[in-house]
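Down below is the structure, laid out as structure tokens.
Residue numbers (full-length UniProt numbering): 1 to 149.
See the structure below:
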């Protein structure tokens with residue numbers, strides 16, 4: 001992301017646990033192409049792939065742990081995120097992201113995860129999704145979005 005791009009970080013949804021803080025930013029001129037995730041009773045991990053302006057593909061590290069069932073979201077060339085929703089709930093002794101759904105200008109992906117919890121939802125009314133951030137350990141403990149104005 002360019003240094004002069006104005007970005008806004010949402011609040012995070014989820015708990016305060018997680019041994020590692022993470023951040024994924026889609027650089028200017030790049031497009032989010034895939035989201036890989038694993039879920040069961042919680043969002044176990046999430047990983048992002050984008051294509052840069054030269055057509056090269058870049059994949060983030062895996063944020064979270066192992067477990068759950070794998071899922072792959074592959075976006076069409078003209079598809080982009082317009083919203084995210086999910087639930088926050090208990091998993092063992094921790095408060096984590098228990099489910100997540102992604103909305104694009106074309107379709108809805110998910111719900112990934114099965115545990116009940118407190119709903120959260122975020123839609124873009126101005127700007128565009130530019131990344132995600134949060135905390136993780138053996139699962140995704142918290143999740144927030146980064147918007148470019």
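No residue lacks a Cβ here, since even glycine has one placed at the ideal position from N, Cα and C. Computed from a predicted structure; not experimentally measured.
Query raised in the report: At which residue ranges does the UniProt domain "Jacalin-type lectin" (7-149) contain complete beta strand (DSSP E) runs of 3 or more residues, listed in the order of the chain?
Result: 7-9, 20-25, 31-39, 43-51, 57-59, 69-74, 81-91, 94-104, 108-112, 118-123, 128-136 and 140-148
Query raised in the report: Among the residues of its own chain, which have a CB less than 8 Å from the CB of residue 108, if the five just before and after it don't count?
Result: 101 and 102
Report task. Look at the Cβ atom of residue 87, then the Cβ atom of residue 41, and state whether they are nearer than 8 Å. Result -> Taking 8 Å as the Cβ cut-off, residue 87 and residue 41 do not qualify as a contacting pair.
**Report entry** Nearest-angstrom beta carbon gap, residue 33 and residue 54 [assumed within contact, 8 Å]
**Finding:** That belief does not hold up - the Cβ atoms of residue 54 and residue 33 are roughly 14 Å apart, past 8 Å.
**Report entry** Presumed contact (8 Å Cβ cut-off) between residue 35 and residue 131, rounded CB distance
**Finding:** At roughly 12 Å, the Cβ-Cβ gap does not stay under 8 Å, so residue 35 and residue 131 are not in contact.
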